[in-house]
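Scroll down for the structure; my scribbles are underneath it.
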Amino acid sequence: MNKNDLVVAVANNAGLAKTKAAAAIEAMFDVITKALKKKDKVMLVGFGTFYATKRKGGEGRNPRTGEKIKIAPSTQPKFKAGKALKDALN
């Protein structure tokens, strides 16, 4: 399912126009992104938790040339599924 499919599914499920569903989904993505930038967790009880973690920098190799490259530290988004979501899949 891609973003457009998600918009259509949400619009149909909630009885909204596609433009309003798209705006709601964009707003949700923006809020989650801003919260993760501030190092906050976004906990959706029963669904899961979005959070950010620090990734250490290090040294890697360019697969084409074998040349050593430096990998900068970064912040990575993570998601941990909640119990209700896990139960729904099993």
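Per the working numbering: the sequence shown = residues 8 to 97. Note that the Cβ used here is the ideal one computed from N, Cα and C, for glycine as well.
Within its chain, find whatever has a CB closer than 8 Å to the CB of residue i; leave out the 5 residues flanking it on each side and keep chain order.
i	result
Lys90	Gly53
Ala24	Ala18
Glu2	Limits of the chain in this structure are 8 at one end and 97 at the other, which puts residue 2 out of reach.
Please go through the same chain and pick out, in chain order, the residues whose beta-carbon is closer than 6 Å to the beta-carbon of residue i, but skip the five residues on each side of it.
i	result
Ile76	Gly67 and Asn69
Gln83	Thr60 and Arg62
What separation, rounded to the nearest whole angstrom, lies between the Cα atoms of residue i and residue j?
i	j	result
Ala18	Phe57	24 Å
Val14	Ala31	9 Å
Phe86	Lys48	10 Å
Thr26	Gly65	44 Å
Helix, strand or coil for residue i? Go by DSSP, reduced to three states.
i	result
Met8	coil
Lys63	coil
Ala31	helix
Leu56	Per the sequence presented here, residue 56 reads as Thr, with Leu not at that position. It is a strand residue.
Lys85	strand
Lys44	helix
By the DSSP assignment, the beta strand (DSSP E) with residue i in it spans what residues?
i	result
Leu51	Val49 to Leu51
Where does the unbroken alpha helix (DSSP H) through residue i begin, and where does it stop?
i	result
Ala95	Lys90 to Leu96
Between the Cα of residue i and those of the options, spot the shortest distance and give me the residue it belongs to.
i	options	result
Leu51	Arg62, Met35 and Lys45	Met35
Ser81	Lys44, Ala88, Asn97 and Gly73	Lys44
Excluding the 5 residues flanking residue i on each side, which residues of the same chain have their C-beta closer than 7 Å to its C-beta?
i	result
Ala79	Gly64
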